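Written below as structure tokens is the structure these notes are about.
Protein chains: 2
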Amino acid sequence: MPVRTRPTLSDVAREAGVSLATASRAINGSPTRTVRADLRERVLEAAARLEYTPDANAQAMARGQTTSVGLVVHDVADPYFSTIAAGVTAAADDVGLAVTLAETRHDPRREVDLVELLHRQRARAIVLAGGRLGGADRAEELTRAIAGHRRSGGGVALIGQPLPEVPAVALDNSGGAAALARALHDAGHRRFGVIAGPADHLTARHRQAGFREALAELGTAAAPEHVVPSEFSRDGGYAGMTALLPHLGELDVVFAVTDLMAVGAMAAVRDAGLTVPTDVGVAGFDDIPTLRDITPGLTTVRVPLREIGAQALQLALALEQEPRVVVVRGEVVLRDSTARP
Amino acid sequence: MPVRTRPTLSDVAREAGVSLATASRAINGSPTRTVRADLRERVLEAAARLEYTPDANAQAMARGQTTSVGLVVHDVADPYFSTIAAGVTAAADDVGLAVTLAETRHDPRREVDLVELLHRQRARAIVLAGGRLGGADRAEELTRAIAGHRRSGGGVALIGQPLPEVPAVALDNSGGAAALARALHDAGHRRFGVIAGPADHLTARHRQAGFREALAELGTAAAPEHVVPSEFSRDGGYAGMTALLPHLGELDVVFAVTDLMAVGAMAAVRDAGLTVPTDVGVAGFDDIPTLRDITPGLTTVRVPLREIGAQALQLALALEQEPRVVVVRGEVVLRDSTARP
DNA sequence: CTGTTAGCGCCTTCAG
DNA sequence: CTGAAGGCGCTAACAG
């Protein structure tokens, strides 16, 4: 099939026997002007006959405004991010905007690049999900990129760790982890291990720090050898638990800083021929919907990821507002994975 | 902070004391022309000083080609789709394209609308994941929308069920389900139930049909009362298994047409105070990565979703090619959920 | 190698 | 209520 050249609005206008301006007003109803019914009819028919479709790019250019928003995540395949993405997409759809999805693949440099890419596309707003990685350099570059986008009228919102002066939906990671620690303590557990995630990952850091500080206040601090770093993934959880296996006799519960890691940790326990929670309890963080049916049920901190995504988009679009930070608190969910033997 | 007006390429040109064209060539290197080093240097410096960023929309318009592709899924929060999305995004990124994500929310009408939306945005290619729903009307509308996009030079590829004349990565749903049936038969199971999904859902239909046909060939057809329709979700699986509970004594294994449904089905078994696989075996389809660690391990048909997403994008971008259909076969994975008691 | 000049497709004042 | 004309920011012939 030959690539026919697309019909343009002038083609439609000519076909309908009206001017370009009238055709434009008929098809995309101007805010102020109105078109006589019969003319509008003619235009619409002509457009249908020609199979005309407006060019969103040209419209964006003429109007000086696009109809899309950007979403930056580390990895869509991770249920944490895909749930957030669902929230952002739904909220965007509600206001007639399309979502451009970009993945950092856990590379902080790409995060900056993607913000710039999205800025180039003149996204109306950019939502950055996913914990900031990298050191101060990256944070500064990111701040600059964000500032550039905002200065020229684009909105931005962060999910997770806030950054100075930028609207954000912040998870109370340390508070949630602390609440989890207290709940486990209330349930009678006393000896804790932690699979802590990467040292340079802020979310991981806040979660493990909040957990350990709460323990300290309760007078049952986790021993240093019971706190192991790991990758921020299922496999990281598996490896972390494997490292803790020799100490299992000294532990009641191991806290992995994400559900995905906790699942990996549970697999490691099973592969060692042991049982959760009989030999050791396991707790996670996030309450990923897809994982709510695993057995034993995973004790965790529920985070309303979908709502967070939706709210972040709204924050990002509220251009006039002052930078605003909404803090979302998680809710401890005790399940069988930490039942006392 | 005031919304400063964005610097344009002419601002940069003026600042650098060169012509618009030179600035353009210096910044976005023209394929044919080249710019003297010192001039290019001046331009780049001016651009940096002004914090100039090219406007992707304007470039798209001038070049007559955008740098984005569209992806249509039912629901990104569903791990099936998020894994596909990861594949599409990675492949797009490799060739420097951005992905616009659109969700049908399981509404076939929206599917058509989204194709049109993406066409309006002049997406270089559109990947449609997710089984076609709805009847012949919708299929026809969709075919028309797709044809419109292709006629004007855009690529399209489907994932799942093919449509006549459209490139596709087709899952061999019925073949995979048949292989599963044979594998379960080989393992000694004889009495099967099926949680079949929605009647109008093609993927679900092919999977259950393939499964049942293979059983028939093996001489052990599933009784009609052991085949229950359901929603295409975790809750659908739960409800389906609940409906089968009264018949559990007559069944060795229940096949749910997706892993997510299988997980719901397993939860229903547990909630009834029974055990998988002792009281009944459960099998799914997809081999969702996030669910690979559940216990008992879920017997399923592995589908390389990520690769499928990547390949679909490549098919969609290969505009010159003949309509081509790639069939991907699943691989049966037997795990403990169907271990014989 | 550089500059000038048309558009790309559409919206939007501004006249009529 | 309609039409003509300018411009959005950039690229790509076309001259110089």
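Protein chains in written order, with the UniProt record's numbering: chain A, 1 to 341; chain B, 1 to 341. In this text, a Cβ means the ideal position worked out from N, Cα and C, and glycines have one as well. Predicted, not measured: the structure shown is a model, and the values here were computed from it.
Looking at C-alpha atoms only, which residue of Gly87/B, Phe81/B, Ala86/B, Val76/B is the closest neighbour of Thr83/A? Here residue 83/A refers to the residue found at position 83 of the first sequence. Distances from the alpha-carbon of Thr83/A to those of Gly87/B, Phe81/B, Ala86/B, Val76/B put Val76/B closest.
Using the C-alpha atoms, what's the distance from Ala147/A back to Val99/A? Here residue 99/A is taken as the residue at index 99 of the first sequence, counted from 1. Here residue 147/A is taken as the residue at index 147 of the first sequence, counted from 1. Answer to the nearest angstrom: the Cα atoms are 21 angstroms apart.
Chain-order list of residues whose beta-carbon lies under 8 angstroms from that of Ala102/B (same chain, five-residue window excluded): Counting from one through the second sequence, the residue named residue 102/B turns up at place 102. Taken in chain order, the residues that qualify are Gly70, Leu71, Val72, Val73, Leu114, Leu117, Leu118.
6 angstroms Cβ shell around Leu158/A - same chain, five flanking residues per side excluded: Along the first sequence, one-based indexing puts residue 158/A at 158. Sequence-distant Cβ neighbours of Leu158/A in its own chain, meaning closer than 6 angstroms and more than five residues away, are Leu128, Val166, Ala168.
Assigned exposure category for Thr34/A - 16 Cβ within 10 Å defines buried: Position 34 of the first sequence, counted from the start, is the residue given in the question as residue 34/A. Around the Cβ of Thr34/A, a 10 Å sphere holds fewer than 16 other Cβ atoms; the residue is exposed.
Residues within the segment 46–73 of chain B neighbouring chain A, beta-carbon criterion of under 9 angstroms: If the cut-off is 9 angstroms between Cβ atoms, the segment 46–73 of chain B has Glu51, Thr53, Pro54, Asp55, Ala56, Asn57, Ala58, Gln59, Ala60, Met61, Thr66, Thr67, Ser68, Gly70, Leu71 near chain A.
Mind reading off the beta-carbon distance from Leu44/A to Ala58/A? Whole number of angstroms is fine, and I expect it under 8 angstroms. Sequence index remark: in the first sequence, residue 44/A carries index 44 (1-based). Sequence index remark: in the first sequence, residue 58/A carries index 58 (1-based). At roughly 19 angstroms, the Cβ-Cβ gap does not stay under 8 angstroms, so Leu44/A and Ala58/A are not in contact.
Anyone know if the C-beta pair for Thr22/A and Leu39/A falls short of 8 angstroms? Taking the first residue of the first sequence as 1, we reach residue 22/A at position 22. Taking the first residue of the first sequence as 1, we reach residue 39/A at position 39. In contact: Thr22/A and Leu39/A (Cβ atoms closer than 8 angstroms).
Near-chain A residues of the segment 256–272 of chain B - C-beta to any C-beta below 9 angstroms: Against chain A - using a Cβ distance shorter than 9 angstroms - the residues of the segment 256–272 of chain B are Leu260, Val263, Gly264, Met266, Ala267, Arg270.
Just to confirm the assignment, what range does the beta strand (DSSP E) spanning Gly240/B have? The count along the second sequence starts at 1 and reaches residue 240/B at position 240. For Gly240/B, there is no enclosing beta strand (DSSP E); the residue is part of the alpha helix (DSSP H) that begins and ends at 234–244.
Closest Cα partner of His185/A within the set Ala37/A, Phe255/A, Asp93/A: Sequence index remark: in the first sequence, residue 185/A carries index 185 (1-based). That would be Phe255/A, whose Cα lies nearest to the Cα of His185/A.
Quick one: is Pro246/B buried, meaning 16 or more other Cβ sit within 10 Å of its Cβ, or exposed? Residue numbering aside, residue 246/B sits at position 246 when the second sequence is read from its first letter. Label assigned to Pro246/B: exposed.
Given a threshold of 16 other Cβ atoms within 10 Å of its Cβ, counted over all protein chains shown, does Leu20/B qualify as buried or as exposed? As a first step, residue 20/B must be located in the second sequence, where it is residue number 20. Exposed, by the Cβ-count rule.
Using 8 angstroms as the threshold, is the segment 213–222 of chain B in touch with the segment 272–281 of chain B, meaning 3 or more CB pairs across them? With the cut-off at 8 angstroms, the segment 213–222 of chain B and the segment 272–281 of chain B do not touch.
Glu140/A to Ala16/A, Cα distance in whole Å? In the first sequence, counting from the first residue as 1, residue 140/A sits at position 140. In the first sequence, counting from the first residue as 1, residue 16/A sits at position 16. Spanning the two alpha carbons is a distance of roughly 55 angstroms.
Taking the alpha carbon of Arg120/B as the reference point, which residue from Arg122/A, Gly135/A, Gly87/A, Glu51/A has its own alpha carbon closest? Counting from 1 along the second sequence, the entry for residue 120/B is found at position 120. If we check each option's Cα against that of Arg120/B, Glu51/A comes out closest.
Do you know how far the Cα of Val303/A is from the Cα of Ala179/A? Translated into positions along the first sequence, residue 179/A becomes position 179. Translated into positions along the first sequence, residue 303/A becomes position 303. The alpha-carbon atoms of Ala179/A and Val303/A are separated by roughly 13 angstroms.
Close Cβ partners of Ala56/A (< 7 angstroms) along its chain, the five nearest in sequence each way excluded: Position 56 of the first sequence, counted from the first residue, corresponds to residue 56/A. The residues Thr67, in chain order, have a CB closer than 7 angstroms to that of Ala56/A in the same chain once the five nearest residues on each side in sequence are set aside.
On the criterion of 16 or more Cβ atoms from any shown chain inside 10 Å, does Pro289/A qualify as buried, or is it exposed? Mapped onto the first sequence, residue 289/A falls at position 289. Classified as buried, Pro289/A has 16 or more neighbouring CB atoms from the shown chains inside 10 Å of its CB.
Applying the 10 Å Cβ sphere with the 16-neighbour rule, what's the burial state of Gly160/B? Within the second sequence, numbered from 1, the residue matching residue 160/B stands at position 160. The residue in question, Gly160/B, is buried, as its Cβ has 16 or more Cβ neighbours within 10 Å.
With 8 angstroms as the C-beta to C-beta threshold (strictly closer), list the residues of the segment 158–170 of chain A near chain B in chain order. Within the segment 158–170 of chain A, no residue has a Cβ that lies closer than 8 angstroms to any Cβ of chain B.
Given that Asp140/A touches chain B, what residues does it touch there, using C-beta distances under 7 angstroms? Reading the first sequence from its first residue, position 140 is the one you call residue 140/A. Note on residue identity: the sequence assigns Glu, not Asp, to residue 140/A. Simply none; closest approach about 15 angstroms.
Considering just the uninterrupted stretch of the alpha helix (DSSP H) at Glu45/A, what are its terminal residues? For the purposes of this step, residue 45/A is taken as residue 45 along the first sequence, with counting starting at 1. From DSSP, the alpha helix (DSSP H) with Glu45/A extends over 37–50.
Cβ neighbours of Val12/B in the same chain (closer than 8 angstroms, five flanking residues each side left out): On the second sequence, residue 12/B is found 12 positions in, with the first residue counted as 1. Same-chain partners within the cutoff: Ala23, Ile27, Val43, Ala46, Ala47, Leu50, Tyr52.
Is DSSP giving Glu195/B helix, strand or coil here? The residue you call residue 195/B lines up with position 195 of the second sequence. Per the sequence shown, the amino acid found at residue 195/B is Ile instead of Glu. Under the three-state reduction of DSSP, Ile195/B is assigned to strand.
Cβ-based burial, residue 343/B [other Cβ within 10 Å; buried from 16]: The structure shown does not extend to residue 343/B, since chain B is modelled only from 1 to 341, so the question has no answer here.
Given Gln311/A as reference, the closest of Ala339/A, Val325/A, Asp286/A once Cα atoms are compared: Working through the first sequence from its first residue, we reach residue 311/A at position 311. Ranking the options by Cα distance to Gln311/A, first place goes to Val325/A.
Under 8 angstroms Cβ to Cβ from Leu163/B, same chain only, skipping five residues before and after it: list those, please. Taking the second sequence and counting its residues from 1, the one referred to as residue 163/B is at position 163. Listed in chain order, the non-local C-beta contacts of Leu163/B below 8 angstroms within the same chain comprise Arg132, Ala139, Leu142, Thr143, Ile146, local neighbours out to five positions each way being set aside.
Which same chain residues, not among the five before or five after Pro2/A, have their C-beta less than 6 angstroms away from its C-beta? Here residue 2/A refers to the residue found at position 2 when the first sequence is read from its first residue. Interpretation of Pro2/A is limited by its pLDDT of 47, a score under 50 that renders its predicted location unreliable; no figure is taken from the coordinates.
Starting from the N-terminal side, write out each stretch of the beta strand (DSSP E) that is 3 residues or longer and does not extend beyond the segment 96–129 of chain A. Listed in chain order, the beta strand (DSSP E) runs fully inside the segment 96–129 of chain A are 98–103, 125–128, counting runs of at least 3 residues.
Three-state secondary structure (DSSP) at Glu331/A? On the first sequence, residue 331/A is found 331 positions in, with the first residue counted as 1. It is a strand residue.
Would you decide whether Pro224/B is buried or exposed? Buried here means 16 or more other CB atoms lie within 10 Å of its CB. Position 224 of the second sequence, counting from 1, holds the residue named residue 224/B. Around the beta carbon of Pro224/B, fewer than 16 other beta carbons lie within 10 angstroms, which makes this residue exposed.
Short check: CB of Ala204/A to CB of Gly237/A, under 8 angstroms? Within the first sequence, numbered from 1, the residue matching residue 204/A stands at position 204. Within the first sequence, numbered from 1, the residue matching residue 237/A stands at position 237. For Ala204/A and Gly237/A, no; Cβs fall outside 8 angstroms.
So Gly284/A and Ala262/A are in contact, right, with Cβ under 8 angstroms, and what is the actual spacing, rounded? Numbered from 1 along the first sequence, position 284 holds the residue referred to as residue 284/A. Numbered from 1 along the first sequence, position 262 holds the residue referred to as residue 262/A. About 3 angstroms; that satisfies the 8 angstroms criterion.
Once DSSP output is grouped into helix, strand and coil, what is the label at Thr203/A? Here residue 203/A refers to the residue found at position 203 of the first sequence. DSSP places Thr203/A within a helical segment (H, G or I) once states are collapsed to three.
Using a Cβ-Cβ distance cut-off of 8 angstroms, determine whether residue 369/A contacts chain B. The shown model of chain A, from 1 to 341, leaves out residue 369/A, and the question about it has no answer.
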